[in-house]
Amino acid sequence: MPVAISVDAVEVSENLRHKRGYSFPFLSDPKAEVIRRYDLLHPRGGPDGTDISRPAEFLIDRSGTVRWENFTEDIRVRPRADALLAAARSIR
Amino acid sequence: MVDTTVRKRTFAPWMGLLLTVLGALSNGLPFTGFPAASVPWISLLLSLIGFVVLLFGLWQAFGQSTVYKGKLSSALATGFSLLFLAGAIVFFWSARHIPRESAAAPQVGQRVPDFTLPDSTGHSVSLTQLFSGSASKEPPKALLLVFYRGYW
Numbered sequence: 001m002p003v004a005i006s007v008d009a010v011e012v013s014e015n016l017r018h019k020r021g022y023s024f025p026f027l028s029d030p031k032a033e034v035i036r037r038y039d040l041l042h043p044r045g046g047p048d049g050t051d052i053s054r055p056a057e058f059l060i061d062r063s064g065t066v067r068w069e070n071f072t073e074d075i076r077v078r079p080r081a082d083a084l085l086a087a088a089r090s091i092r
Numbered sequence: 001m002v003d004t005t006v007r008k009r010t011f012a013p014w015m016g017l018l019l020t021v022l023g024a025l026s027n028g029l030p031f032t033g034f035p036a037a038s039v040p041w042i043s044l045l046l047s048l049i050g051f052v053v054l055l056f057g058l059w060q061a062f063g064q065s066t067v068y069k070g071k072l073s074s075a076l077a078t079g080f081s082l083l084f085l086a087g088a089i090v091f092f093w094s095a096r097h098i099p100r101e102s103a104a105a106p107q108v109g110q111r112v113p114d115f116t117l118p119d120s121t122g123h124s125v126s127l128t129q130l131f132s133g134s135a136s137k138e139p140p141k142a143l144l145l146v147f148y149r150g151y152w
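Those protein sequence lines, which keep their order, are chains Z and C.
Each residue of the first sequence is one higher than the one before, starting from 1 at the first, in our numbering.
Each residue of the second sequence is one higher than the one before, starting from 1 at the first, in our numbering.
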């Protein structure tokens, strides 16, 4: 199950989730506390110099262990679905 | 002495402009789901080739002005392409201007720190709760934590 996390406020996330028709949860981290804890902060990366998260994905199993991860270095470059799916299939 | 020869047209400036415009537009490809990690480079390369073609056109129009005409049109094409080239470079730079290192981020094989955050309905949920499922949903075998920039 995907879980989306950003600094967006609850209402903004709900709006996006609704607009795109996603059923998975969107979590709000407006103060970037979790984003900081995961060392993903992009200082002043947002509009008006706000701190945001750098794009990153973690596939974790039920023990909370990372099985696959992706840190992009270009916001236009998205993770490859095949690599993610291969990692996901290895989780039983 | 009156020049009676007919001067040729040069299409190089317009070709150059076309290439730089295509280069700038190709930046949008990933947003349409085009699966290419090399798009940023394609874009920059197209723009730069376009600019070289354009310089050739300028050389024809100004350097070889007895053979070619089109001083005004090549100057116009140059102006527009410079704008697009500058745009492509700025976009290329800004799209890659993100932190390179997340040294303290969880690595493959490591456990991620637990957290509790409000979901889009305002209810607080923890990582543990996300794994436990709900009355209507089976507990997931895995979670894909997608950190995104927000402001969509």
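The beta carbon of each residue, even a glycine, is placed where N, CA and C say it ideally should be.
Quantities reported herein were computed from a predicted structural model and do not represent experimental measurements.
- Within chain C, partners of Z/L85 - CB distance below 8 Å: What Z/L85 touches in chain C: nothing, since even the nearest Cβ is about 11 Å away.
- In three-state DSSP terms, what is Z/I5? strand
- Would you say Z/G45 faces chain C, with C-beta separation under 8 Å as the test? Judged by the 8 Å Cβ criterion, Z/G45 is in contact with chain C.
- Hey, quick one: how far does the beta strand (DSSP E) through Z/E94 stretch, first residue to last? Given a span of 1 to 92 for chain Z in the structure shown, any question on residue 94 of chain Z remains unanswerable.
- Sort out for me which residues DSSP pairs C/P118 with in a bridge. C/S124
- Query: Looking at C-alpha atoms only, which residue of C/R7, C/L29, C/G16 is the closest neighbour of C/L48?
  - Reply: C/G16
- Message: Less than 8 Å between CB atoms is the rule here; does C/V52 satisfy it with respect to chain Z?
- Response: no
- For Z/G64 versus C/L18, is the C-beta spacing smaller than 8 Å? no
- Message: Cβ closer than 7 Å: which chain Z residues qualify as neighbours of C/Y148?
- Response: What C/Y148 touches in chain Z: A4, S6, S53, P55.
- Message: To the nearest angstrom, how far is the alpha carbon of C/K137 from that of Z/R62?
- Response: 16 Å
- Decide if the segment 102-121 of chain C is in contact with the segment 25-44 of chain Z; the criterion is three or more beta carbon pairs, one per stretch, under 8 Å apart. Segments in contact, yes.
- Message: Just checking: is the beta-carbon of Z/G64 within a distance shorter than 8 Å of some beta-carbon in chain C?
- Response: yes
- Mind checking Z/Y22: buried by the 16 CB within 10 Å criterion, or exposed? exposed
- Are the C-beta of C/A12 and some C-beta of chain Z separated by less than 8 Å? Residue contact check for C/A12 against chain Z: no CB pair falls below 8 Å.
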